[in-house]
Amino acid sequence: MTFERWQLGGIWITKIPEQDRIPGMKALLPDATPDALTAIPWLRPHFVSADGKLNASIHAFVVETPDRCLLVDTCVGNDKPRSYAGWDRMQGPFLERLQAAGYPPDRIDTVLCTHMHVDHVGWNTRWVGGRWVPTFPRARYLFSRIEYQHWRSESEQGPSADGMDPATVLADSVQPILDAGLAEFVDAPFEVGTGVRLLPTPGHTPGHVSVELDSGGLKALITGDLLHHPCQIARPHWAASADEDPVQARTTRAAVLQRSADNGELVLGSHFATPTAGRILRDGDTYRLATD
Ligand SMILES: [Zn+2]
Numbered sequence: 443m444t445f446e447r448w449q450l451g452g453i454w455i456t457k458i459p460e461q462d463r464i465p466g467m468k469a470l471l472p473d474a475t476p477d478a479l480t481a482i483p484w485l486r487p488h489f490v491s492a493d494g495k496l497n498a499s500i501h502a503f504v505v506e507t508p509d510r511c512l513l514v515d516t517c518v519g520n521d522k523p524r525s526y527a528g529w530d531r532m533q534g535p536f537l538e539r540l541q542a543a544g545y546p547p548d549r550i551d552t553v554l555c556t557h558m559h560v561d562h563v564g565w566n567t568r569w570v571g572g573r574w575v576p577t578f579p580r581a582r583y584l585f586s587r588i589e590y591q592h593w594r595s596e597s598e599q600g601p602s603a604d605g606m607d608p609a610t611v612l613a614d615s616v617q618p619i620l621d622a623g624l625a626e627f628v629d630a631p632f633e634v635g636t637g638v639r640l641l642p643t644p645g646h647t648p649g650h651v652s653v654e655l656d657s658g659g660l661k662a663l664i665t666g667d668l669l670h671h672p673c674q675i676a677r678p679h680w681a682a683s684a685d686e687d688p689v690q691a692r693t694t695r696a697a698v699l700q701r702s703a704d705n706g707e708l709v710l711g712s713h714f715a716t717p718t719a720g721r722i723l724r725d726g727d728t729y730r731l732a733t734d
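Numbering of the sequence shown is given in our numbering, commencing with residue 443 and proceeding in unit increments.
Below is the structure:
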């Protein structure tokens with residue numbers, strides 16, 4: 443398997459794919475109808491298929507800096523009880539891929555979750571000897587304090603209707619990290635290490651963060667779910683049905699797109715299909731993604 447990889451000064455970023463589709467993209471982005479997508483021609487062929495479907499992916503990024511090796515977002519994970527059948531007790535080769543890319547679990551020293559949705563925390567833990575144990579035992583796991591508090595209180599409300607399973611997700615993918623003493627709660631903006639910083643980007647979830655990278659005068663941004671699909675670059679007002687606060691999510695999206703167009707940074711989408719990354723360019727009164 444060949445991996446998509448980007449160099450940013452002294453930082454290397456590698457995409458580790460878990461799944462090449464996200465179930466229910468149509469319902470996730472209800473404004474992205476086939477007609478509406480036809481009006482955004484640059485989305486084809488990478489981000490919209492020939493038959494008009496939204497391409498998307500579930501993946502993690504490894505960010506290797508001169509002094510750290512970080513894993514950003516940990517996908518759905520294996521063996522986890524989930525309400526969506528396609529993710530229920532999944533058996534996928536994510537860890538094998540991570541290893542093949544040059545990153546056995548012991549090399550990861552920092553795990554970052556942009557937020558605590560089911561497809562961003564799964565590989566925090568794995569099922570070994572009848573219990574959930576940290577997949578990355580040498581790592582510090584950084585969690586947004588606001589995000590954790592939010593999902594703690596949500597999980598006390600009982601099961602949710604949207605298939606996000608907050609109580610189960612917290613119990614099998616976050617609590618074992620706390621129990622192992624590997625969790626660190628942080629408040630964004632937060633300096634993770636040289637050239638790595640968490641930027642608060644609330645709206646999709648209350649404590650959502652994006653990851654700013656900076657090396658040798660070059661900049662990049664890992665979005666998290668402030669954008670689910672590049673169509674939202676052209677249409678920032680298109681909310682995702684999973685956005686907890688759609689109004690705040692829109693404001694955040696508009697601010698980040700303006701910033702990225704201004705500073706020319708490389709934008710890496712946490713659910714963007716290959717080629718995954720590009721630069722935000724102004725396009726009339728909106729934006730587009732220019733991929734290399
Ligand atoms: Zn997601």
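Just so it is clear, CB atoms sit at the ideal spot from N, CA and C, and this is done for glycine as well.
From a predicted model like this one, the values you see are computed outputs, not experimental measurements.
If you check the CB distance, I500 and E460 come in under 8 Å. Here W454 really is in contact with E506; their C-beta atoms are around 5 Å apart, less than 8 Å.
Residue environment for Q599: exposed (fewer than 16 other C-beta atoms within 10 angstroms of its C-beta).
DSSP places K661 within a strand segment (E or B) once states are collapsed to three. Remark: C-beta atoms of I675 and S712 do not approach each other more closely than 8 Å.
Straight through space, the alpha carbons of R539 and L512 are spaced by roughly 16 Å. For A502, the enclosing beta strand (DSSP E) stretches over residues I500 to E506. DSSP places K468 within a helical segment (H, G or I) once states are collapsed to three. In the pairwise beta carbon analysis, the segment 540 to 549 is classified as not touching the segment 669 to 687: fewer than three pairs are separated by under 8 Å.
Judged by DSSP in its simplified three-state form, R447 adopts strand. Non-local C-beta neighbours of E707 in its own chain, meaning closer than 6 Å and more than five positions away in sequence, comprise K661, A662 and L663, ordered along the chain. Assignment of beta-bridge partners to S586 by DSSP yields V628. Scanning D734, C673 and H559 for the CA closest to the CA of L479 turns up C673. Between L554 and L485, the alpha-carbon positions lie close to 29 Å from each other.
Between D515 and A502, the beta carbon gap of about 5 Å places them in contact (Cβ cut-off 8 Å). Leaving aside the five residues that flank T718 on each side, the residues in its chain whose CB is nearer than 7 Å to its CB run, in chain order, E446, K457, L710 and G711. Residues close to ligand 1 by the beta carbon criterion (under 5 Å to any non-hydrogen atom) are, from first to last along the chain, D561 and D667.
Partner residues in the beta bridge of E654, as assigned by DSSP, are R639 and L663. Boundaries of the alpha helix (DSSP H) harbouring C673: C673 to A676, taken from the DSSP string. Non-local beta-carbon contacts of L624 in its own chain, meaning distances under 7 Å to residues more than five positions away in sequence, involve P576, A581, R582 and Y583 in chain order. Along the length of the segment 494 to 569, whole alpha helix (DSSP H) runs at least 4 residues long occupy 536 to 542 and 560 to 563, reported in chain order.
Under DSSP, the beta-bridge partners assigned to G720 are V709. Each of H559, E589 and S702 was checked against the Cα of T610, and the nearest Cα belongs to H559. Here the C-alpha atom of S525 lies approximately 30 Å from the C-alpha atom of V628. Annotation for W569: D521 place their beta carbon closer than 6 Å to its own, counting only its chain and skipping 5 residues before and after. Assignment of R486 by DSSP, reduced to helix, strand and coil, places it in the coil class. For A732, no alpha helix (DSSP H) run applies; the uninterrupted beta strand (DSSP E) run containing it begins and ends at T728 to A732, by DSSP.
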